[in-house]
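Trainee:
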Amino acid sequence: MFTPCRRAGQPATTLLAAFLLAGVAPSMAGDMPPGIEFELGGGGAVAPRYESSSEYLVSPFPTFRLKRLTFSNGFQIGGGDGMGLSPYPSFNFRGARKAADTPALAGLADVDAAVELGLGLSYATPGFRVFGEVRRGVTGHDGMVGEIGADLVARPGDRLTLAAGPRASFADAEYMDTYFGVTAAEAIASGMPQFDARSGFKSYGLAASARFDLSENWALEGSARYDRLTGDAANSPVTGAGSRNQFGFRLGLTRSFRIDF
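Per our numbering, residue 590 is the first one in the sequence shown, and the count goes up by one each step.
1. Just verifying my parser: in three-state terms, what is the DSSP assignment at P745?
2. Looking only at its chain, what residues have a beta carbon closer than 6 Å to the beta carbon of G716, apart from the 5 residues adjacent to it on each side?
3. Measuring only the C-alpha atoms, how far is R718 from I666?
4. When DSSP labels each residue in this structure, what does F850 get in the three-state scheme?
5. Alpha carbons only, please: which of R814, A698 and R724 is nearest the one belonging to F769?
6. Rounding to the nearest angstrom, what Cα-Cα distance links S792 and E640 in this structure?
7. Are the CB atoms of Q835 and R817 within a distance shorter than 9 Å?
8. Cα-Cα, which of R654, T819, T843 and S832 is closest to E805?
9. Which residues mark the beginning and the end of the beta strand (DSSP E) in which S711 is found?
10. At which residues does the beta strand (DSSP E) containing A636 begin and terminate?
11. Check whether the Cβ atoms of A713 and G746 sit closer than 9 Å, and answer yes or no.
12. What does the alpha-carbon distance come out to for the pair A797 and R724?
13. Measure the CB-CB distance between G726 and V704 and report whether it falls below 9 Å.
14. Counting along the chain, where does the alpha helix (DSSP H) carrying N824 start and finish?
15. Can you tell which of F653, G841 and G829 has its C-alpha closest to the C-alpha of A799?
16. Which value, in whole angstroms, describes the spacing of the CA atoms of G829 and F801?
17. Mind checking A606: buried by the 16 CB within 10 Å criterion, or exposed?
18. Between which two residues does the alpha helix (DSSP H) harbouring T728 extend?
19. Starting from the Cα of G579, find the closest Cα among P782, F653, N681 and A813 and give me that residue.
20. Find out if the Cβ-Cβ distance for the pair T765, G729 is shorter than 9 Å.
21. Am I right that G632 and F650 are in contact with their C-beta atoms under 8 Å? What's the rounded C-beta distance?
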């Protein structure tokens, strides 16, 4: 079922890639003038209503990527070729889960929209990239969640970049209980069995993306992703009311900007 909505609830597949500030390892600027280079854009995304849902939402998503920030003293963030080892901040947004939107979840407590902040580390070569990310919830939940993955990267033309590879996500007990647990009171109210979700891996899957540079400043980007819930995320009665199979798609435009100070 596909339902229009302002935002999608799927983690990682919608806003994570949109808000990563890639390539932020500090360095000296060399000949670069003080200023900032960044990409700004947006598009449309399709994702599950909430993690483990079988209903899908269509929503807009923003894109912001910092490419370079150079200070007057010569200190620079980003601006390299993106190869080698690079740390970066990681951000994710999860939409609220409300029982009123899904009758099968009647009796379960609502979960507020969540903002997650953390760090990532990647290692890239021209044809390969591996990364890991860990984030903590600052609203919606107090847990820790993360992801590891790898991509094969191909550039069949000067303007086209393709990437695809495996993904796996994990979370602590605080996160798992928030989204997959059923308390004793909720079990009575909902008719679901009580369930204590433990920490561990919660999904594995595949992701693919494509970028086509329309011009020097404009680019078209698209991605698709499949995740299969595993462990206690798969065994939860919350997932039993939805699906272990999770899909995500997005398509958008970005524009590059450069502002010298």
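The beta-carbon is built from N, C-alpha and C at its ideal position, and this holds for glycine as well.
As the structure is a computational prediction, the values presented were derived from the model and not from experiment.
Mentor: According to the data block:
1. Taking the sequence shown and counting its residues from 1, the one referred to as residue 745 is at position 156. In the structure shown, P745 sits in coil (DSSP, three-state: anything other than H, G, I, E or B).
2. The count along the sequence shown starts at 1 and reaches residue 716 at position 127. Excluding residues within five positions, the ones whose Cβ falls inside 6 Å are V742.
3. Sequence index remark: in the sequence shown, residue 718 carries index 129 (1-based). Sequence index remark: in the sequence shown, residue 666 carries index 77 (1-based). Cα-Cα distance, rounded: 20 Å.
4. Numbered from 1 along the sequence shown, position 261 holds the residue referred to as residue 850. In this structure, F850 counts as coil in the three-state DSSP scheme.
5. Here the question's residue 769 lines up with position 180 in the sequence shown. Comparing Cα-Cα distances from F769 to each of R814, A698 and R724, the minimum goes to A698.
6. Residue 792 sits at position 203 when you count from the first residue of the sequence shown. Residue 640 sits at position 51 when you count from the first residue of the sequence shown. C-alpha separation (whole angstroms): 11 Å.
7. Reading the sequence shown from its first residue, position 228 is the one you call residue 817. Reading the sequence shown from its first residue, position 246 is the one you call residue 835. Going by C-beta atoms, R817 is nearer than 9 Å to Q835.
8. Here the question's residue 805 lines up with position 216 in the sequence shown. Measuring from the Cα of E805, the nearest candidate turns out to be T843.
9. Counted from its first residue, the sequence shown places residue 711 at position 122. Its beta strand (DSSP E) spans residues A703 to T714.
10. Taking the first residue of the sequence shown as position 1, residue 636 is located at position 47. That run of the beta strand (DSSP E) goes G624 to P637.
11. Within the sequence shown, numbered from 1, the residue matching residue 713 stands at position 124. Within the sequence shown, numbered from 1, the residue matching residue 746 stands at position 157. No. Outside cutoff.
12. Here residue 797 is taken as the residue at index 208 of the sequence shown, counted from 1. Here residue 724 is taken as the residue at index 135 of the sequence shown, counted from 1. Approximately 22 Å between the Cα atoms of the pair.
13. Here residue 726 is taken as the residue at index 137 of the sequence shown, counted from 1. Here residue 704 is taken as the residue at index 115 of the sequence shown, counted from 1. Cβ atoms of G726 and V704: closer than 9 Å.
14. Position 235 of the sequence shown, counted from the start, is the residue given in the question as residue 824. Residues G820 to N824.
15. Here residue 799 is taken as the residue at index 210 of the sequence shown, counted from 1. Of F653, G841 and G829, the residue nearest in Cα terms is G841.
16. Position 240 of the sequence shown, counted from the first residue, corresponds to residue 829. Position 212 of the sequence shown, counted from the first residue, corresponds to residue 801. If I take the Cα positions, the gap works out to 39 Å.
17. On the sequence shown, residue 606 is found 17 positions in, with the first residue counted as 1. With a pLDDT of 41 at A606, under the threshold of 50, the predicted position of this residue should be treated as unreliable, though the coordinate-derived value follows. Buried, because 16 or more other Cβ atoms sit within 10 Å of the Cβ of A606.
18. Within the sequence shown, numbered from 1, the residue matching residue 728 stands at position 139. Here T728 belongs to no alpha helix (DSSP H); instead the beta strand (DSSP E) covers F717 to T728.
19. Because the chain spans 590 through 850 in this model, residue 579 falls outside it and cannot be assessed.
20. For the purposes of this step, residue 765 is identified with residue 176 of the sequence shown, where counting begins at 1. For the purposes of this step, residue 729 is identified with residue 140 of the sequence shown, where counting begins at 1. Strictly speaking, residue 765 in this sequence is Met, with Thr absent from that position. Contact flag unset, no.
21. Locating residue 632 in the sequence shown gives position 43, where the first residue counts as 1. Locating residue 650 in the sequence shown gives position 61, where the first residue counts as 1. That pair is a contact at about 6 Å.
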